[in-house]
Amino acid sequence: MTMPEILRRKLMERIDIASEPDDGEVLEEIDGLILGEEETRYLPVAQKAELRRQLFYSVRRLDVLQELLEDAGITEIMVNGYQHIFVERNGRIERYGKSFTSAEKLEDVIQQIVGRCNRVVNEQNPIVDARLENGDRVNVVMKPVALNGPILTIRRFPEQAVTMEFLVSIGSITKEAAEFLQALVRTRYSMMIGGATGSGKTTFLNVLSAYIPKGERIITIEDNAELQIQGVENLVRLEAKEANLESGTEITIRDLIRAALRMRPNRVIIGEVRGAETFELLSALNTGHAGSLSTAHANSVKDMISRLETMVLMGVQLPLEAIRRQIASGIEILVHLGRGEDGSRRVEEIAEITGMEEDEIKTVSLFRREYGRGLQKTGELVHREKLEGKTG
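Under the working numbering, the residues of the sequence shown are numbered -14 to 377, in order.
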């Protein structure tokens, strides 16, 4: 057993967690412990300070993860069992030099995180999604599914909301394409944002939402609340709920979409569609909720359409032609995101769904990233009625 672990156990014996001591009281106990122990009394000041910080984080924060969460340069934290931690920084994954002192301590941290979100993770329910207080996305996989111990993945989100101007400045999108999307959002074109895991779909959805006129009533629907809608006063945020020990009732994304349509929204923003709820989204888009936004996992614009078809079939058995007509009449713009070789997140293509032709959904590429040339304009918007103010 390491010295920090020994001291932590002694610290837990000295403080009464049930009395909810404040941070100052905990630090007083830590200082007394460090000064009173023979092994630590004569440590150099720098080592004492580091030990003090470690003990405090282990009791009042998220242990070794806390300093990673305070590092703005880290975009993802991956814990593969208590001894192996990896981080993503500037698009590159690297091994972190520290680890948890034991599997039990990692499990304590996991239970602390999921408990705050009213979620439960155990052997009967070994996979759970949650979030930190700052909105960072958390995924947990426990035994018996995870063979090498608890697996914890944390997707970080910027503390300051990302703006379109920032994305233009780092080359994620051109100014021309950004202004084009801004105009489409304001004039209520419905959009689906696609991309692989970690391509920045949620961030880009947040960026686009900044262009929604402030007087509209917006309802957001998410598995785990992480959207950062800025400047909208009439905002309703809904979050799905898993069944747990306290309540056997599960509230799904499908349930929330149905409920949202009875709340008189101007637009519905769904953080991500993954399955059967896609049918409800398309129904909303085809019943007067134009301008709604959502995201989905996909590898290209073409793949995004195939994914939407497949996800609708998870919920309802309809002829493929009927599903395609729902997609073609409900979704107008597809935005595909990807990652460059340097790990940067960027817009790869913007396309318009123009309608149906011979039972196939037809698209027109409006902007596409070309090798060595960046994001280039490749076509003109076909359905310009709303953009030109000719219809509602």
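Using N, Cα and C, we set each Cβ at its ideal position, and we do this for glycine too.
Give the DSSP-derived three-state secondary structure of residue i in the structure shown.
i, result
"G377", "Bear in mind that a pLDDT of 45 at G377, under 50, signals an unreliable position, so the number given afterwards is only what the model happens to contain. Here G377 sits in coil by DSSP."
"D327", "coil"
"T25", "helix"
"M176", "strand"
"A281", "strand"
"I335", "strand"
"V11", "helix"
"V105", "coil"
"G359", "strand"
"L220", "strand"
"G340", "strand"
"R37", "helix"
"T234", "coil"
"K83", "coil"
"V320", "strand"
"E370", "coil"
"K90", "helix"
"K(-5)", "helix"
Label residue i either buried or exposed according to how many other C-beta atoms from any shown protein chain fall within 10 Å of its C-beta, with 16 as the threshold for buried.
i, result
"T188", "buried"
"G377", "Its pLDDT being 45, under 50, G377 is placed unreliably in this model, and the coordinates cannot settle the point."
"D56", "exposed"
"G185", "buried"
"L50", "buried"
"G100", "exposed"
"L53", "buried"
"E108", "exposed"
"A307", "exposed"
"T234", "exposed"
"T272", "exposed"
"N103", "exposed"
"N209", "buried"
"A313", "buried"
"P157", "Residue 157 is actually Ser in this sequence, not Pro. By the neighbour-count rule (16 or more Cβ atoms within 10 Å), S157 is buried."
"G82", "exposed"
"K160", "exposed"
"G58", "exposed"
"S291", "exposed"
"L36", "buried"
"D48", "buried"
"G9", "exposed"
"R122", "buried"
"I346", "buried"
"I112", "exposed"
"V106", "buried"
"I197", "buried"
"G386", "This structure gives no information on residue 386, because the portion of the chain shown stretches from -14 to 377."
Between which two residues does the beta strand (DSSP E) holding residue i run?
i, result
"I255", "R252 to I255"
"V78", "First, the amino acid is wrong: residue 78 is Ile here, not Val. I78 -> beta strand (DSSP E) spans R77 to R80."
"T138", "I136 to R140"
"M296", "Run containing M296: none in the beta strand (DSSP E); it sits in the alpha helix (DSSP H), V286 to L298."
"F352", "E345 to E355"
"F71", "I70 to R74"
"V126", "R122 to V126"
"E207", "I203 to E207"
Since residue i and residue j should fall inside the 8 Å C-beta cutoff, what is the C-beta to C-beta distance between them, to a whole number of angstroms?
i, j, result
"I62", "I139", "4 Å"
"G179", "L319", "7 Å"
"M177", "A261", "Their Cβ separation, rounded to whole angstroms, is 16 Å, which puts M177 and A261 out of contact at 8 Å."
"E317", "E337", "6 Å"
"S175", "L293", "That belief does not hold up - the Cβ atoms of S175 and L293 are roughly 12 Å apart, past 8 Å."
"L267", "V301", "Between V301 and L267 the Cβ distance is about 10 Å, and since that is not below 8 Å, they are no contact."
"L12", "F41", "6 Å"
"L372", "L169", "7 Å"
Looking at the unbroken alpha helix (DSSP H) that takes in residue i, where does it start and where does it end?
i, result
"G315", "L305 to G315"
"D114", "Segment I112 to R116 is the beta strand (DSSP E) holding D114; no alpha helix (DSSP H) there."
"T188", "K186 to S194"
"E61", "Premise fails: E61 lies in the beta strand (DSSP E), I59 to N65, not in any alpha helix (DSSP H)."
"T272", "Here T272 belongs to no alpha helix (DSSP H), and DSSP marks it neither H nor E."
"E52", "L50 to L54"
"E161", "K160 to R171"
"S154", "M149 to S154"
Counting contacts by CB-CB distance shorter than 8 Å, is residue i in contact with chain D?
i, result
"I214", "Absent from the structure is chain D; it holds one protein chain and no more."
Mind the definition here: the stretch 191 to 202 touches the stretch 139 to 153 only if three or more C-beta pairs lie below 8 Å; say whether that holds. Result yes; three or more Cβ-Cβ pairs closer than 8 Å.
For the structure I just gave you, are there three or more beta carbon pairs, one from the stretch 152 to 160 and one from the stretch 243 to 258, closer than 8 Å? Taking a contact to require three or more Cβ pairs closer than 8 Å, the stretch 152 to 160 and the stretch 243 to 258 do not qualify as touching.
For the 8 Å Cβ check, are there 3 or more pairs between the stretch 236 to 254 and the stretch 195 to 209? Contact between the stretch 236 to 254 and the stretch 195 to 209 is present: three or more C-beta pairs spanning the two stretches fall below 8 Å.
State whether the stretch 352 to 363 contacts the stretch 205 to 223, with contact taken as three or more CB pairs (one from each stretch) at a distance under 8 Å. Contact between the stretch 352 to 363 and the stretch 205 to 223 is absent: fewer than 3 CB-CB pairs across the two stretches fall below 8 Å.
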